[in-house]
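To keep things clear, I will list the structure first and then write my remarks on it.
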Amino acid sequence: MARLMIDDQDLGFFANFLGIFIFILVIAYHYVMADPKYEGNQC
Numbered sequence: 218m219a220r221l222m223i224d225d226q227d228l229g230f231f232a233n234f235l236g237i238f239i240f241i242l243v244i245a246y247h248y249v250m251a252d253p254k255y256e257g258n259q260c
């Protein structure tokens, strides 16, 4: 089934997945940068 159009269900799934992925990435970045025993967080 080769189709080039992206319907609303695929777009909603992609947007939802992308939002969750970015949210987890921001939380992981915050925990790495706010960790006091991490040596590389001096700006």
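Position in the sequence shown (from 1) plus 217 gives the number in our numbering.
All C-beta atoms, glycine included, are put in the ideal place defined by N, C-alpha and C.
Computed from a predicted model, the values in this text were never measured in an experiment.
(message) Quick check: the Cα distance between Ile239 and Gly229, rounded to an integer number of angstroms?
(response) Distance between the alpha carbons of Ile239 and Gly229: 15 Å.
(message) Between the alpha carbons of Ala232 and Asp252, how many angstroms are there, rounded?
(response) Cα to Cα, Ala232 sits roughly 30 Å from Asp252.
(message) Could you give the first and the last residue of the continuous alpha helix (DSSP H) run that contains Asp227?
(response) First-last of the alpha helix (DSSP H) with Asp227: Asp225 to Met250.
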